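Visitor: Chains as they are written, first to last, in our numbering: chain A, 1 to 91; chain B, 1001 to 1417.
Heads up, the beta-carbon is just placed ideally off N, CA and C, and yes, glycines get one too.
The model shown is predicted, which means the values in this text are computed figures rather than measured ones.
Could you have a look at this structure, given as structure tokens, before my questions?
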């Protein structure tokens, strides 16, 4: 449980948000040409990092907009928040 | 030689004021090399070591644990044991475990306090009713005991449940598995540790794995905080930290680690003599032998390794508990905690070889691994010893995420994951 600074609405309780999992997983450009291994990698395999993780969040009980977050999963500290389409900050 | 626990040993030790009990397991320094090393000293890891030594004659093995044995999810779960899963593969896996539970205290000469008090699952809407009836039939076809109960039968079996039709989520029926129940979670870890130690297994605590040494496509050993340990076979049973270990070997797993919470109340006199689970409103409750109500809450939806969950998750569970059991409205909660559970996309576990020779993973048990402890250890030991899965865990391989042959228990099992 923590506070999240929504880039559109400001600081709100985490309860208002929905976690959307790992960020920057690109949808395959040529889905018909993917092998089963590549599909598995895209659909299922996750970094699941203990430490600094890049992830997507949605302000589901607020503006309903998606954005990205850099968070330390070992202590839930938020390091950065940036909008969709923006470049992730350097680590 | 390990002394046997019995009424006579109890009397003998009482005469010396219980000061001369033999240590249940040694505290050895790691050797330079083992035939196999198990990473993770929880119930599943210790059971794996126990069955490797007992059934496969692999005695030169070690269990390395970064904290103390049973200090992770083994000591944090709500101790529910059942095997009423929908799909054939899961039914086979969990009922194999339940059959071992039934003789485990005798086998280990250690009282794991296995209590077949029954597990009842409630239905709160028409879809629940259809799902639970379907699961009851599926269970019976697989030889697993299951009965469907009407609202009146639910009330008769557990009188403190509010079965009034005008509550927000009325009880429309339920299922009952009488062979299901609970066990003392710490005792399972301690019993397996004592049994494994007696057969020569080294249990090395406070020993964290820092790296996995590979030579091409096979493993050579592990780097730990107590030095390098050479081994050709590594069985990883690290629950919520499985991905962390996998990353050390350059392997990716389909897991997300999330906090799952549980809580207990102050101890009271016996009030509920079974386990009641409600999928739809997410409320699980049973009573421990100490008298505490043991309540399981849900997972947070974000990845976290903090072993603490959000307050609103506990609040949601307690809201549901209070509506179903108005009698608990004045109870005070004593302790609340979180554990990190590793969840697979299909909510089924992975007991599997990997693309790296000699590296095996037993993970993905998510929110419900405790019940499987003995079966998981037995089948994982088989997989490590033979370098091939047993037929009961063949479906739970890592390759199912490539082939698409998932064991989709999400929502289809007795509980929501």
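Is the beta carbon of residue 1255 of chain B less than 8 Å from the beta carbon of residue 1243 of chain B?
Guide: Their beta carbons are under 8 Å apart, which means residue 1255 of chain B touches residue 1243 of chain B by this criterion.
Visitor: Give the residues of chain A in contact with residue 1241 of chain B, contact being defined as C-beta atoms less than 9 Å apart.
Guide: Per Cβ cutoff of 9 Å: 50.
Visitor: Starting from the C-beta of residue 1298 of chain B, find all residues in its chain whose C-beta is less than 6 Å away, skip the five residues before and the five after it, and write them out in chain order.
Guide: Correct list, in chain order: 1282, 1313.
Visitor: For residue 1239 of chain B versus residue 1363 of chain B, is the C-beta distance shorter than 8 Å?
Guide: Against a cut-off of 8 Å, the Cβ pair of residue 1363 of chain B and residue 1239 of chain B comes out as a contact.
Visitor: Counting only beta-carbon atoms, is residue 30 of chain A nearer than 8 Å to chain E?
Guide: The structure shown has no chain E; the protein chains it does contain are A and B.
Visitor: Taking the C-alpha atoms as reference points, what is the distance between residue 178 of chain A and residue 1390 of chain B?
Guide: Because residue 178 of chain A is not part of the residues shown, which for chain A are 1 to 91, the question remains open.
Visitor: Within 10 angstroms of its Cβ, does residue 9 of chain A collect 16 or more other Cβ (buried), or is it exposed?
Guide: Under this definition residue 9 of chain A is an exposed residue.
Visitor: Chain B beta carbons: is any one of them nearer than 8 Å to that of residue 74 of chain A?
Guide: Yes, because at least one Cβ of chain B sits closer than 8 Å to the Cβ of residue 74 of chain A.
Visitor: So what does residue 53 of chain A bridge to, in DSSP terms?
Guide: Answer is A:71, bridged to residue 53 of chain A.
Visitor: Does chain A have any CB closer than 8 Å to the CB of residue 1302 of chain B?
Guide: Yes, residue 1302 of chain B counts as interfacial toward chain A.
Visitor: With DSSP collapsed to three states, give me the class of residue 1236 of chain B.
Guide: Note: residue 1236 of chain B maps to strand in three-state DSSP.
Visitor: I'd like the span of the beta strand (DSSP E) that includes residue 1231 of chain B, first residue to last.
Guide: Its beta strand (DSSP E) spans residues 1227–1231.
Visitor: CA-CA distance, residue 1293 of chain B and residue 1161 of chain B?
Guide: If I take the Cα positions, the gap works out to 14 Å.
Visitor: State yes or no: is the C-beta of residue 1074 of chain B within less than 8 Å of the C-beta of residue 1189 of chain B?
Guide: Result yes, Cβ atoms of residue 1074 of chain B and residue 1189 of chain B sit closer than 8 Å.
Visitor: Out of B:1177, B:1156, B:1168, which one is the CA nearest neighbour of residue 1139 of chain B?
Guide: Minimum Cα distance to residue 1139 of chain B is reached at B:1177.
Visitor: Output the residue ranges of the alpha helix (DSSP H) runs that lie fully inside the stretch 1043–1126 of chain B and measure 4 residues or longer, sorted by chain position.
Guide: The stretch 1043–1126 of chain B contains these whole alpha helix (DSSP H) runs: 1043–1056, 1088–1108.
Visitor: Using the beta-carbon of each residue, which ones in chain A are nearer than 9 Å to residue 1306 of chain B?
Guide: Within chain A, the residues near residue 1306 of chain B are 73, 74, 75, 76.
Visitor: What separation, rounded to the nearest whole angstrom, lies between the Cα atoms of residue 1307 of chain B and residue 1157 of chain B?
Guide: Using only the alpha carbons, I get a separation of about 35 Å.
Visitor: Since I believe residue 1035 of chain B is in contact with residue 1233 of chain B (beta carbons under 8 Å), could you give me their beta-carbon distance rounded to a whole number of angstroms?
Guide: Yes, they are in contact, since the Cβ atoms of residue 1233 of chain B and residue 1035 of chain B sit about 7 Å apart, within 8 Å.
Visitor: From which residue to which residue does the beta strand (DSSP E) around residue 1333 of chain B run?
Guide: 1333–1343 is the span of the beta strand (DSSP E), which, as asked, contains residue 1333 of chain B.
Visitor: Relative to the alpha-carbon of residue 1068 of chain B, which residue among B:1006, B:1203, B:1092, B:1341 has its alpha-carbon at the smallest distance?
Guide: Comparing Cα positions, the closest option is B:1203.
Visitor: The stretch 1387–1416 of chain B: which residues have C-beta closer than 8 Å to a C-beta of chain A, in chain order?
Guide: Flagged, chain order: 1401, 1402, 1403, 1404.
Visitor: Flag residue 80 of chain A as yes if its beta-carbon sits less than 8 Å from any beta-carbon of chain B, otherwise no.
Guide: Not one chain B Cβ lies under 8 Å of residue 80 of chain A.
Visitor: Excluding five sequence neighbours on each side, which residues of the same chain lie with their C-beta closer than 6 Å to the C-beta of residue 1373 of chain B?
Guide: Here the set comprises 1043, 1044, 1047, 1188.
Visitor: What are the boundary residues of the alpha helix (DSSP H) that includes residue 1294 of chain B?
Guide: Note, residue 1294 of chain B: premise wrong, no alpha helix (DSSP H); beta strand (DSSP E) at 1293–1299.
Visitor: Compare the C-beta of residue 18 of chain A with all C-beta atoms of chain B and state if any pair is closer than 8 Å.
Guide: Taking Cβ atoms only, chain B reaches closer than 8 Å to residue 18 of chain A, which makes this a yes.
Visitor: Would you tell me roughly how many angstroms separate the C-alpha atoms of residue 1059 of chain B and residue 1053 of chain B, rounded to the nearest one?
Guide: Taking the straight line from one Cα to the other gives about 5 Å.
Visitor: Given a threshold of 16 other Cβ atoms within 10 Å of its Cβ, counted over all protein chains shown, does residue 1174 of chain B qualify as buried or as exposed?
Guide: Counting Cβ neighbours within 10 Å, residue 1174 of chain B comes out buried, since at least 16 surround it.
Visitor: Of all Cβ atoms in chain A, is any one closer than 8 Å to the Cβ of residue 1311 of chain B?
Guide: Yes - at least one Cβ of chain A is within 8 Å of the one on residue 1311 of chain B.
Visitor: Alpha carbons only, please: which of B:1317, B:1311, B:1302 is nearest the one belonging to residue 1296 of chain B?
Guide: Cα-wise, what sits closest to residue 1296 of chain B is B:1317.
Visitor: State yes or no: is the C-beta of residue 7 of chain A within less than 8 Å of the C-beta of residue 67 of chain A?
Guide: Against a cut-off of 8 Å, the Cβ pair of residue 67 of chain A and residue 7 of chain A comes out as a contact.
Visitor: What does DSSP give as the partner residues of residue 1361 of chain B in its beta bridges?
Guide: The partner list for residue 1361 of chain B (beta bridge, DSSP) reads B:1236, B:1352.
Visitor: Need the endpoints of the beta strand (DSSP E) that residue 1277 of chain B sits in, please.
Guide: Start and end: 1275–1278.
Visitor: Which whole-angstrom value describes the C-beta separation of residue 1402 of chain B and residue 36 of chain A, a residue pair presumed to lie in contact below a C-beta threshold of 8 Å?
Guide: Indeed they touch by this definition, with Cβ atoms about 5 Å apart.
Visitor: Which residues of the stretch 1253–1287 of chain B have a Cβ closer than 8 Å to any Cβ of chain A? Give them in chain order.
Guide: So the list reads 1253, 1254, 1255, 1256, 1257, given in the order they occur along the chain.
Visitor: Taking its Cβ as the centre, do 16 or more other Cβ atoms sit within 10 Å of residue 1144 of chain B, making it buried, or is it exposed?
Guide: That one is buried.
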